[in-house]
Each structure stands twice: as C-alpha cells, then as structure tokens.
Amino acid sequence: QSALLTSLCFRVGLGAGDFFGVSLSLALLSAGAWFAMRGSVFESVDHDLRQLVHDVRNFAEQQMAVGPSELTDEFREHSLLGSSGGLMQVTDGNGRVLYRSDRLGRIQLACKKPTAVEGKIEFTTERARGSEVRVAAQTVNVGGQLLSIQVAEPMHEFEESLQRFEGIRIKVGRMRIKT
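Laid out in structure tokens, this is it:
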C-alpha cells in the first residue's frame, strides 16, 4: 500500500509538473507573439510616417523653388486637393507654425523648433484624446530655410487589434487551464 501511495504521489507530481511546464511555455509563447505583433505594428506605422515626411519634404522643396512666401497657402491647397490627407504640422526656423492640417483637430503636437542642422527622423508616441498617436519629426533644409516637419498617425485601430489579440490569448489560456 505504501508503494501504491508513493507511485500515486509521483504520478500526480509528474502530471502537475507537465501541466506547469506546458502552461509556462504557452504563456511565454503568447507573450512573445504579442510583443512581436506590437513591434510589427510600430514598424509598419513608422514606415508610412517616414514616407509621409519624405513626401512633405519633396512638396516643400518644389514650392520653395517657385517662391517661399506662399508656402503656407500651397500646403493648405495641397491638403484640400486630398494629396496629403494625413496629420501634419510644419514649423519654420523660429518655431512659428507655417501649416497645421485641419485633420489634427484637437490633437496638440508640440511645436518643434528646427534644430540647427538637418537631422534624422525621430519617432515618439504621444497620448491624445485617450488614444496613442505615433509622431515622426524631422528638421529639413529646404531652399536654405530650416523647417520642422511633423506627421502623425492615430494608433486607435492598432490598439484595438492588440486588445483583440490579448483577448484571444486570455481565452486560449483559460481553455488550456480547463483541459
């Protein structure tokens, strides 16, 4: 009877160890998948923002060649034609806003005064109206004038996808515990 009890305890211990090991493995795998998905989202959004900064810069260079005095009007007209429906803000060397897209609405982007030299694109994530907004900013030299270009992308759709994924992870975890 003692051998039977020892055997039973050993089997229960093995079963519990197996359960714990598999559960821990699944938890680590799902956490890794979540971080990979989040990284992929940011990589995709950053790529789009990088392209938009490039497009705004090219547009500003074209307009500066025509005449810098009408740059603000040209941005507004360009925006109205639907050519650039994104969220953007352009400031001059003094930090004065030259253009701010209407779609920014109540989203407040910090007025970035251009740095002394042209720089790389900087990415930040800001909170606006209860949701995250991904912002790309770069100082560019356009026709001898330093400008700060800021473009943004609301992250609410991506946040919803991550929340749905999190919900699925939790449901799968609960199903695993029940079995």
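If you want my numbering, it's the position in the sequence shown, counting the first as 1, plus 15. Virtual Cβ for every residue (Gly too), placed ideally from N, Cα, C.
Cβ neighbours of residue i in the same chain (closer than 6 Å, five flanking residues each side left out)
{"i": "S56", "result": "Position check: residue 56 holds Val in this sequence, whereas Ser was assumed. Excluding sequence neighbours, V56 sits near F173."}
{"i": "F90", "result": "Y114"}
{"i": "T87", "result": "L113 and Y114"}
{"i": "A75", "result": "V157"}
{"i": "G101", "result": "L67 and V166"}
{"i": "T139", "result": "V150"}
Status (buried if at least 16 other CB within 10 Å, exposed otherwise) for residue i
{"i": "S98", "result": "Here the model assigns S98 a pLDDT of 48, short of 50, so the residue's position is not dependable and the matter cannot be decided."}
{"i": "S39", "result": "The question names Ser, yet the displayed sequence has Leu at residue 39. Exposed."}
{"i": "R149", "result": "buried"}
{"i": "Q165", "result": "buried"}
{"i": "L96", "result": "Note that L96 has pLDDT 49, beneath the 50 cutoff, so the model's placement of it is unreliable and the number below is only indicative. The residue in question, L96, is exposed, as its Cβ has fewer than 16 Cβ neighbours within 10 Å."}
{"i": "L64", "result": "buried"}
{"i": "L124", "result": "buried"}
Contact under 9 Å by Cβ, residue i with residue j
{"i": "M103", "j": "Q160", "result": "no"}
{"i": "V60", "j": "Q153", "result": "no"}
Distance between beta carbons of residue j and residue i, contact taken as under 8 Å
{"i": "T106", "j": "K127", "result": "6 Å"}
{"i": "L162", "j": "P129", "result": "6 Å"}
Range covered by the beta strand (DSSP E) that runs through residue i
{"i": "T140", "result": "E137 to A143"}
{"i": "A151", "result": "S146 to V157"}
{"i": "M103", "result": "L102 to T106"}
{"i": "H167", "result": "Here residue 167 is Ala; the residue named in the question, His, does not match the sequence. First-last of the beta strand (DSSP E) with A167: Q160 to P169."}
{"i": "R115", "result": "V112 to R115"}
Contact set for residue i: own chain, Cβ-Cβ below 7 Å, skip 5 residues either direction
{"i": "G47", "result": "none"}
{"i": "G28", "result": "none"}
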